[in-house]
Amino acid sequence: MCMNKVLDEIIELMNKAGTRPIETGVPGLSMIKGDIPAHQLAALYSPMIGFTVQGTKILSIGERSTTLKGPSYHVLPVHVPVTASVHPDRDGRPYMGLGLGLNQNVLQSLLRDLPEDLIPTASEHFEACEIDIEFMKAWLRLLRLSKTPRDIPALAPAYEREILYRVLMGPQGWYLRQLGLRESNFSKISQTVKWLRDNYTRPIEIGEMASKSGMAINTFHRQFKRATGLSPIQFQKQLRLLEARNLIAFEGYAVASAAYQVGYRSPSQFNREYSRFFGLSPARDTEKLRRIESARD
Numbered sequence: 003m004c005m006n007k008v009l010d011e012i013i014e015l016m017n018k019a020g021t022r023p024i025e026t027g028v029p030g031l032s033m034i035k036g037d038i039p040a041h042q043l044a045a046l047y048s049p050m051i052g053f054t055v056q057g058t059k060i061l062s063i064g065e066r067s068t069t070l071k072g073p074s075y076h077v078l079p080v081h082v083p084v085t086a087s088v089h090p091d092r093d094g095r096p097y098m099g100l101g102l103g104l105n106q107n108v109l110q111s112l113l114r115d116l117p118e119d120l121i122p123t124a125s126e127h128f129e130a131c132e133i134d135i136e137f138m139k140a141w142l143r144l145l146r147l148s149k150t151p152r153d154i155p156a157l158a159p160a161y162e163r164e165i166l167y168r169v170l171m172g173p174q175g176w177y178l179r180q181l182g183l184r185e186s187n188f189s190k191i192s193q194t195v196k197w198l199r200d201n202y203t204r205p206i207e208i209g210e211m212a213s214k215s216g217m218a219i220n221t222f223h224r225q226f227k228r229a230t231g232l233s234p235i236q237f238q239k240q241l242r243l244l245e246a247r248n249l250i251a252f253e254g255y256a257v258a259s260a261a262y263q264v265g266y267r268s269p270s271q272f273n274r275e276y277s278r279f280f281g282l283s284p285a286r287d288t289e290k291l292r293r294i295e296s297a298r299d
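First residue of the sequence shown? That's 3 in my numbering, and the numbers climb one at a time after it.
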């Protein structure tokens, strides 16, 4: 089966996808397609392997933007705040994407079964990676299970493991290898990221977090930015702003109430940082988001 035929079948299996993520029935596997509003794409992304099937996604993490043009894959090894936009391909066909959540237990099991010298040295930078036909077939096998649910318990773990294996052997394998090694700096940073995700409203003490990670403060800062593209303070700030945006636009919070709810002490500081991050004041941004959501419904 040639690559175009594999890709065509994947696209056909994704025909029920919409502009909000849809679970496929296969654990950890979701799909999305279409003209997805940028505000929906601005979110805290979970650790995942992403497959840009068709079209283009521009993903911004911190100060760096990466263009993900289909067909290609990418790895997000830790929770990270992201802003993004999607675009059709040059023939006008809609953006389509698949996401497979990273399962730490599966990854560690796979690493135990692989000789360390089998995993090649890979890029330490987030980037779009070329996808070959064998890797694409692994995604197709996993996606096909959405049509045969009874096969999922027996076959999905093997297909998921194959996808992880092929990522490990590719240019983004460094991320997965470091994430799967419990005592690596990267793995320790991922634990800090999880703590920040769950405690973003609390004041943070960099020295304390560095100490808990077993690193000097300078090393901790460097490793944190290496993993997330952000400093710890920037990470917390963006988490707060993303959550506040949802509270104001979709849960009816007043601007000041949302600011206090996510950990700000000064509504004026919140307004400044919100406007800088999202490009509009909270009031104007909320008006825009509600108008977009109303048109979609």
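All C-beta atoms, glycine included, are put in the ideal place defined by N, C-alpha and C. Treat the numbers as computed from the prediction; the structure is a model and nothing was measured.
If distances are taken between C-alpha atoms only, which option among the options comes closest to residue i?
{"i": "D115", "options": "R163, F280 and R274", "result": "R163"}
{"i": "F222", "options": "N248, T203 and V195", "result": "V195"}
{"i": "A45", "options": "P23, E129 and Q110", "result": "P23"}
{"i": "G172", "options": "E118, A158, F226 and I133", "result": "I133"}
{"i": "I165", "options": "L145, P151, F128 and P155", "result": "L145"}
{"i": "C131", "options": "F226, Q193, G72 and A218", "result": "G72"}
{"i": "L243", "options": "P49, N105, P83 and F128", "result": "P83"}
{"i": "S67", "options": "E253, A260, H127 and S296", "result": "H127"}
{"i": "S74", "options": "T26, F53 and D200", "result": "F53"}
Less than 7 Å between the beta carbons of residue i and residue j, yes or no?
{"i": "S148", "j": "V55", "result": "no"}
{"i": "S32", "j": "G101", "result": "yes"}
{"i": "I208", "j": "Q238", "result": "no"}
{"i": "A251", "j": "L291", "result": "yes"}
{"i": "T85", "j": "S62", "result": "yes"}
{"i": "Q225", "j": "I191", "result": "yes"}
{"i": "T203", "j": "V264", "result": "yes"}
{"i": "L142", "j": "E11", "result": "yes"}
{"i": "S186", "j": "Q193", "result": "no"}
When burial is assigned at 16 or more other CB atoms within 10 Å of the CB, is residue i buried or exposed?
{"i": "R168", "result": "buried"}
{"i": "A19", "result": "buried"}
{"i": "T230", "result": "buried"}
{"i": "G182", "result": "buried"}
{"i": "W197", "result": "exposed"}
{"i": "N316", "result": "Any answer about residue 316 is impossible in this case: the structure gives the chain only from 3 up to 299."}
{"i": "G254", "result": "exposed"}
Which same chain residues, not among the five before or five after residue i, have their C-beta less than 8 Å away from its C-beta?
{"i": "P96", "result": "K35, G36, D37, Q56, G57 and P90"}
{"i": "T21", "result": "I34, K35, G36, D37, I38, P39, Q42 and R298"}
{"i": "P159", "result": "V108"}
To which residues of the same chain is residue i closer than 6 Å at the C-beta, ignoring the five residues directly before and after it?
{"i": "M138", "result": "V8"}
{"i": "G30", "result": "L102 and G103"}
{"i": "F280", "result": "D287"}
{"i": "M5", "result": "I135"}
{"i": "E245", "result": "V264"}
Just to check, is the beta-carbon of residue i closer than 6 Å to a non-hydrogen atom of the ligand ZN?
{"i": "R199", "result": "Of the ligands one can find in the structure shown there are none, so the ligand ZN has no counterpart to examine."}
I'd like to know whether the C-beta of residue i is nearer than 7 Å to at least one C-beta of chain B.
{"i": "A246", "result": "Absent from the structure: chain B. Only one protein chain is present."}
| request: Would you list, in sequence order, the uninterrupted beta strand (DSSP E) runs of no fewer than 3 residues that lie entirely inside the stretch 133–200? | output: none
| What are the complete alpha helix (DSSP H) segments, minimum 4 residues, inside the stretch 197–271? | 208–214, 219–230, 234–252 and 257–263
| query | Which runs of the beta strand (DSSP E), 3 residues or longer, sit entirely within the stretch 5–44? | reply | 31–35
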